[in-house]
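Just below is one structure, and these are the notes that go with it.
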Amino acid sequence: MFSIIIQIALICISLSMLGLVYRLIKGPSTPDRVVALDAIGINLIALIALLSISLDTSAYLEAILLLAIVSFIGTTAFSKFLEKEDIIEHDRNL
Amino acid sequence: MKTNDLILQTVTKVAAFVIILFSLSIFLGGHYSPGGGFVGGLMTSSAIILLLLAYDLKTVAGILPVDYKLFIASGLLLSVLTASGSLLFGVPLMTHAFTYVDLPLLGHISLHTAVLFDLGVYLVVVGVTMTIIQTIGESE
């Protein structure tokens with residue numbers, strides 16, 4: 001019973017990711033694509049969490065935290081590129 | 001137009017320390033759980049990259065006044081010394097040793113020379129990543 005619930009949740013997350021991939025390909029503007037990519041990262045975290053429940057292991061917990069950090073830094077870098085055209089500035093107060 | 005990064009900078013002040021603590025956790029736990037020197041080094045450099053995104057090269061060079069090329073050299077030296085130190089005891093190259101000690105605060109823990117080798121890997125990964133990022137960021 002419990003494994004069926006986990007599998008239904010996995011399928012729902014996969015369908016949600018499919019919708020986000022559609023937004024990623026079709027998205028008219030670049031900010032749409034960046035937000036879609038960020039949400040795909042969050043869904044990937046949910047997917048790994050459900051997979052680690054279904055495989056009955058705690059070995060993937062580091063990967064979840066790591067993916068959250070990397071996704072945040074990636075979105076920040078994309079946003080800064082869209083805002084300033086310059087990801088790492090030499091001197092901010094110039 | 002002058003933009004204001006107050007929210008990003010305030011989040012970075014909290015998040016950078018959490019990321020560095022997480023990287024130390026997966027570096028030290030590499031023997032018993034997933035992780036190790038490579039992922040730990042990448043997480044540490046991503047914390048520094050977050051600082052670079054929120055601030056700029058000059059400010060981060062003021063916070064961390066280090067030459068990352070020295071990190072590569074000292075990491076390689078540490079790994080080579082750990083690997084060749086076993087020759088002093090008449091055993092083959094890269095033979096590691098461990099012992100159990102009772103430390104006052106940490107209790108009964110095992111000290112393994114593989115941690116020193118991993119520390120070399122950690123330093124090389126941090127050095128290489130930060131050298132690449134800084135070199136690309138500085139070019140006009």
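Same order as they appear, the protein sequences are chains P and H.
Those letters in the first sequence? Residues 1 to 94, per the UniProt record's numbering, in order.
Those letters in the second sequence? Residues 1 to 140, per the UniProt record's numbering, in order.
For every residue, glycine included, the Cβ atom is placed at its ideal position computed from N, Cα and C.
When Cβ-Cβ separations below 9 Å define contact, Thr76 of chain P makes contact with chain H.
By the C-beta criterion, the stretch 31–50 of chain H is judged to be in contact with the stretch 117–128 of chain H, since at least 3 inter-stretch pairs fall below 8 Å. Nearest CB-CB separation between Leu65 of chain P and chain H: below the 9 Å threshold.
Contact residues of the stretch 30–59 of chain P toward chain H are Ser58, Ala59 (C-beta to C-beta distance below 9 Å). Residue burial is scored here from C-beta neighbours: Ile7 of chain H has fewer than 16 other C-beta atoms within 10 angstroms and is therefore classed as exposed. Within the stretch 22–63 of chain H, no run of beta strand (DSSP E) at least 3 residues long lies entirely inside it. Contact check between the stretch 3–22 of chain H and the stretch 41–58 of chain P: fewer than three CB pairs, one atom from each, fall below 8 Å, which does not count as touching. For Ile49 of chain H, the chain P residues whose Cβ falls inside 7 Å of its Cβ are Ile73, in order along the chain. Interface criterion not met: the Cβ of Ile132 of chain H is under 9 Å from no Cβ in chain P. Take Ala36 of chain P, set aside five residues on each side of it, and the residues of its chain with a beta-carbon closer than 8 Å to its own are Leu20, Val21, Arg23, Leu24, Gly27, in chain order.
If you draw a 10 Å sphere on the C-beta of Tyr32 of chain H, you find fewer than 16 other C-beta atoms in it, and that means exposed. Remark: C-beta atoms of Val128 of chain H and Ile72 of chain H approach each other more closely than 9 Å. Any Cβ of chain P closer than 9 Å to the Cβ of Thr44 of chain H would place that residue at the interface, and such an atom is absent.
Beta-bridge partners of Leu93 of chain H (DSSP): none assigned.
Secondary-structure assignment with DSSP links Ile109 of chain H through a beta bridge to H:Val101. The beta carbon of Thr75 of chain P lies closer than 6 Å to those of Asp38 in the same chain, with the five residues before and after it left out. In the structure shown, Ile88 of chain P adopts coil according to DSSP, grouped into three states. DSSP, read as helix, strand or coil, puts Ser58 of chain P in coil. Between Leu76 of chain H and Ala83 of chain H a beta carbon distance of about 11 Å is seen, past the 8 Å cut, so the two are scored as non-contacting. Among the CB atoms of chain H, none fall inside 9 Å of the CB of Glu85 of chain P. By the C-beta criterion, the stretch 101–109 of chain H is judged not to be in contact with the stretch 45–65 of chain H, since fewer than 3 inter-stretch pairs fall below 8 Å. Here Asp56 of chain H is buried: its Cβ has 16 or more other Cβ atoms, across all protein chains shown, within 10 Å.
Per the coordinates, the alpha-carbon of Ile45 of chain P lies some 10 Å from the alpha-carbon of Ser71 of chain P.
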